[in-house]
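Trainee: For the protein sequence lines, the chains are A and B, in the order given.
Its first residue numbered 1, the first sequence is counted upward by one per residue in our numbering.
Its first residue numbered 355, the second sequence is counted upward by one per residue in our numbering.
Virtual Cβ for every residue (Gly too), placed ideally from N, Cα, C.
One structure follows; several queries about it will come next.
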Amino acid sequence: MTLGKASVSGSKRVGKPSQGVTRENARRAYRLMLEARVLEEKLAVLYRSGKIVGGVFLGRGQEALSVSLGVHLRKGDIYAPLIRDQAGRMAFGDTILDTLRTYLGSSLGSMRGRDGNIHRGRPAEGYHAMISHLGAMVSTVCGGLMAKRMRGETGAVGATCIGEGGTSTGSFHEGMNLAGVEKLPIVVVVANNQFSYSTPNERQFACADLLSRAEGYGVMGRRAVGNDLIDCLGVIGEAVSSARSGEGPQLVVADLLRLVGHGEHDDASYIPEFLKMSPLGEDCLDLARTKMLEIGWLSDDEVTDWQKIIEKEVEENASKVLREPAPDPSEEDWNAFSSLDPQQKQHLQTGGRQ
Amino acid sequence: MSNITYLEAIRLAQQRVLHEDPRVFIYGQDIGVFGGAFKATKNLAKEFPGRVLDAPISEDAMVGLAIGAAVEGMRPIIEMQFADFSTCGFNQIVNQAATLHYRTGTSCPLVIRLPSGGTPGGGPFHSQSMEAIYAHYPGLIVMTPATVEDAYTMLLEAVAIDDPVIFCEHKFLYYHLKADRLPETVLPFGKARIARQGRDVTVVAYSAMVHEALAAAEELTHDGYDIEVVDLRTVRPIDTDTILASVARTGRLLVVGEAWPWGGVAAEVISRVATEGFGLLDAPPQRLNAKETPVPYHPALWGTHRPTASSVANSLRQLLEL
Chain A
1 MTLGKASVSG SKRVGKPSQG VTRENARRAY RLMLEARVLE EKLAVLYRSG
51 KIVGGVFLGR GQEALSVSLG VHLRKGDIYA PLIRDQAGRM AFGDTILDTL
101 RTYLGSSLGS MRGRDGNIHR GRPAEGYHAM ISHLGAMVST VCGGLMAKRM
151 RGETGAVGAT CIGEGGTSTG SFHEGMNLAG VEKLPIVVVV ANNQFSYSTP
201 NERQFACADL LSRAEGYGVM GRRAVGNDLI DCLGVIGEAV SSARSGEGPQ
251 LVVADLLRLV GHGEHDDASY IPEFLKMSPL GEDCLDLART KMLEIGWLSD
301 DEVTDWQKII EKEVEENASK VLREPAPDPS EEDWNAFSSL DPQQKQHLQT
351 GGRQ
Chain B
355 MSNITYLEAI RLAQQRVLHE DPRVFIYGQD IGVFGGAFKA TKNLAKEFPG
405 RVLDAPISED AMVGLAIGAA VEGMRPIIEM QFADFSTCGF NQIVNQAATL
455 HYRTGTSCPL VIRLPSGGTP GGGPFHSQSM EAIYAHYPGL IVMTPATVED
505 AYTMLLEAVA IDDPVIFCEH KFLYYHLKAD RLPETVLPFG KARIARQGRD
555 VTVVAYSAMV HEALAAAEEL THDGYDIEVV DLRTVRPIDT DTILASVART
605 GRLLVVGEAW PWGGVAAEVI SRVATEGFGL LDAPPQRLNA KETPVPYHPA
655 LWGTHRPTAS SVANSLRQLL EL
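Here it is as structure tokens:
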């Protein structure tokens, strides 16, 4: 097989990354990456032991890119993460507890067993819950930003993530075009992980470089090295900063490799060895640790301590959630309509009949 | 005021909600300075700067935008240029807007206006009736106003409701129907209306078919029959109580819909009456829908494709003989 052209075009950037790459940011980002990695390993165990139903979708190998968006967002921003964004979600305020509750279908989780796994969010707090239909969240984030603009609120940004496969959808195209037309402060991060489930890039898109699409949409395009935390922090930091200061939509494209299957049910046998051995296949968590140890932003002892603390927290939370009540069908209101009075709800649900 | 058309009622309702509620904005193709393909937003962009906005030809993104804005507390109205084009935004409507409250507990208050139904020369892609498709999905309220008064008050209500509302306004009624004044009081959504009282047959209809049913009922007075016409007003929720009460009076049921019969609103009404009011029926319940082809272009074909007063009257005569 051959790689899509975008994946071998190497790294080049618009400007030199500077904003967002601080010792404090990088340390926070690394710790969140570690949290995501440890938590996701536990999710895989719970899946293999039959505790989690449906599927488990991991972000292994994409944590650096994901977290780099999350750490640059703040309260009041809008964030619509996608399937491989556990690290970014944690940075935006999601928790180990709610992740476990949603995967295990706990009635105490934000989705109350009504939806699961990566379909998790608190939309009223700006944390959107993705639908499976790729590209749909781009325009949804645009809508939130339109609302803020109409109310005269400034300074907030919206952000969403997608894979290279998702960029083939009409929904992505419409959303990006709309973002450009409305000049909204949105950052869209494309993780080009070379395979959309099993489909390689040459069967996914024909353009030489996904970044070239930015020009077509009339938005700023930036490239990041997807498995290099420091690079991602810098590039995405600049993108978020530009959007926040009114420079319009930002498209960030990052090449990397998914180091797991599409989900835990998938052995990823279609990913060739040479790719795994290439720079794309280097684990972003290892790379980040090596680099940060080198420049003195981390110590081995700290990493060991963090790992222990996180493992303990994940285990404690998992034990807690496994003891929590499952949703009770007899207590479910089975009502898809919003906050109307009980009589109206009854009417809506049954069409007036008891 | 006098001679207010169905279309003008829709424009006036939008003007009122824009005036009264700062959360409201309208987004759709050609609705800004141009005032919309049908002029349902005429002069509104000028009166409410920045709140009546031209959208790119991107139905998916238009609805996605409305969902995001609704989550942020706004009350967006999306104008689809024709109901037919809402299929291009179908995914956002049924998978995101309709599921949001159930999944997340966050409301999704938005209105999608669908200029619906056939007109002479409309053809396959500018004539469709989409109400059954959307009513199928839990979480969507589907309104089908048949009168100028309902077009006005139900649109006001649609904006006030915390759920996504599919507002099926009929293009054939835009200019044909007129009212002297607009009502201040309103029959709540989800309640059907007895449009004409009778004792021999219940005709359940909605949207433009209410008027065909009323004309047929008038025709049958010459045969000595007294036909009751129920206007559903909202197809979801559907007012089964009013339908059953009417069938209890008449013992016979004909349901008329401009949409195709397969899995449609007429089928739903008959299913409910058969399961919940079988003993009320003196004859098998009947339905009259469009013919099962795409909506044809030529007026002669179109006029036969859809139910008309004449075909409704024929169906009624047959039902009365059963």
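Let me see if you follow: with CB-CB separation under 8 Å, is Glu374 of chain B close to chain A or not?
Mentor: no
Trainee: Within 10 Å of its beta-carbon, does Trp334 of chain A have 16 or more other beta-carbons around it, so buried, or fewer, so exposed?
Mentor: exposed
Trainee: Which residues in the same chain as Leu674 of chain B place their Cβ atom closer than 6 Å to its Cβ, once the five residues preceding and following it in sequence are excluded?
Mentor: none
Trainee: Which ranges does the alpha helix (DSSP H) cover as unbroken runs of at least 4 residues, wholly within the region 192-234 of chain A, from first to last along the chain?
Mentor: Unbroken alpha helix (DSSP H) stretches of 4 residues or longer found wholly inside the region 192-234 of chain A: 213-217, given in chain order.
Trainee: Could you check what DSSP says for Val260 of chain A in three-state terms: helix, strand or coil?
Mentor: coil
Trainee: Taking the C-alpha atoms as reference points, what is the distance between Ala399 of chain B and Asp384 of chain B?
Mentor: 11 Å
Trainee: Return the residue from the list A:Glu24, A:Gly70 and A:Asn177 that minimises the CA-CA distance to Gly126 of chain A.
Mentor: A:Gly70
Trainee: May I ask which residues mark the beginning and end of the beta strand (DSSP E) holding Gln640 of chain B?
Mentor: Gln640 to Leu642
Trainee: Please report the straight-line C-alpha distance between Ile358 of chain B and Gly76 of chain A, rounded to a whole angstrom.
Mentor: Roughly 44 Å between the two C-alpha positions.
Trainee: Out of A:Cys232, A:Tyr197, A:Val253 and A:Ile52, state which residue places its alpha-carbon closest to the alpha-carbon of Gly269 of chain A.
Mentor: In the sequence on display, residue 269 of chain A carries Ser and not Gly. The option with the nearest alpha carbon to Ser269 of chain A is A:Tyr197.
Trainee: Say whether chain A places a C-beta atom closer than 8 Å to the C-beta of Arg603 of chain B.
Mentor: no
Trainee: I need the straight-line Cα distance from Gly476 of chain B to Ile131 of chain A, nearest angstrom please.
Mentor: 35 Å
Trainee: Inspect the beta-carbon positions of Val558 of chain B and Cys522 of chain B and report whether they are closer than 8 Å.
Mentor: no
Trainee: Within this structure, are the beta carbons of Leu676 of chain B and Pro638 of chain B separated by less than 8 Å?
Mentor: yes
Trainee: Specify the secondary structure class of Phe439 of chain B as computed by DSSP and reduced to three states.
Mentor: helix
Trainee: Could one say the Cβ of His133 of chain A lies closer than 8 Å to chain B's Cβ atoms, at least one of them?
Mentor: Chain B places a beta carbon closer than 8 Å to that of His133 of chain A, counting this residue as a contact.
Trainee: Three-state secondary structure (DSSP) at Pro430 of chain B?
Mentor: strand
Trainee: Among B:Thr460, B:Phe436, B:Ala486 and B:Ala571, which residue has its Cα nearest to the Cα of Met428 of chain B?
Mentor: B:Thr460
Trainee: Excluding the 5 residues flanking Leu348 of chain A on each side, which residues of the same chain have their C-beta closer than 6 Å to its C-beta?
Mentor: Below a pLDDT of 50, predicted positions are generally treated as unreliable, and Leu348 of chain A, at 48, falls in that range; the measurement from the model is reported next regardless. So the qualifying residues of the chain are Phe337.
Trainee: With 8 Å set as the bound, which would you pick, yes or no: does the beta-carbon of Gly218 of chain A sit closer than that to a beta-carbon of chain B?
Mentor: So, not an interface residue.
Trainee: For Phe195 of chain A versus Leu134 of chain A, is the C-beta spacing smaller than 8 Å?
Mentor: no
Trainee: Quick check on this structure: which residue in B:Ala549, B:Leu536 and B:Ile431 has the alpha carbon closest to the alpha carbon of Val502 of chain B?
Mentor: Ranking B:Ala549, B:Leu536 and B:Ile431 by Cα distance to Val502 of chain B puts B:Leu536 first.
Trainee: Between Gly351 of chain A and chain B, is any beta-carbon pair separated by less than 8 Å?
Mentor: A caution first: Gly351 of chain A carries a pLDDT of 44, below 50, which makes its placement in the model too unreliable to give a value.
Trainee: Which residue from B:Glu433, B:Gly493, B:Phe444 and B:Asn445 puts its Cα closest to that of Leu468 of chain B?
Mentor: The shortest Cα separation from Leu468 of chain B among B:Glu433, B:Gly493, B:Phe444 and B:Asn445 belongs to B:Glu433.
Trainee: Please tell me whether Leu372 of chain B and Ile421 of chain B are closer than 8 Å, where the distance is taken between their beta carbons.
Mentor: no
Trainee: Go through its chain and collect everything with a Cβ distance to Val219 of chain A's Cβ below 6 Å, but skip five positions before and after it.
Mentor: Gly180, Pro249 and Leu251
Trainee: Sorted by chain position, which residues of the same chain lie with C-beta nearer than 8 Å to Leu287 of chain A's C-beta, five sequence neighbours on each side aside?
Mentor: Ala64, Asn227, Asp228 and Leu229
Trainee: Compute the distance between the beta-carbons of Val260 of chain A and Arg60 of chain A, then report whether it is under 8 Å.
Mentor: yes
Trainee: Cutting at 6 Å between CB atoms, please list the residues of its own chain near Gly418 of chain B, excluding the five before and the five after it.
Mentor: Counting only residues of its own chain and dropping the five nearest sequence neighbours on each side, Gly418 of chain B has a CB closer than 6 Å to the CB of Gln446.
Trainee: So what's Asp624 of chain B in DSSP terms, helix, strand or just coil?
Mentor: A quick correction: the sequence has Ile, not Asp, at residue 624 of chain B. Helix.
Trainee: Take every Cβ of the region 296-308 of chain A, pair it with every Cβ of the region 74-88 of chain A, and state whether three or more of those distances are shorter than 8 Å.
Mentor: no
Trainee: In chain A, what lies closer than 9 Å to Met508 of chain B by C-beta?
Mentor: What Met508 of chain B touches in chain A: nothing, since even the nearest Cβ is about 15 Å away.
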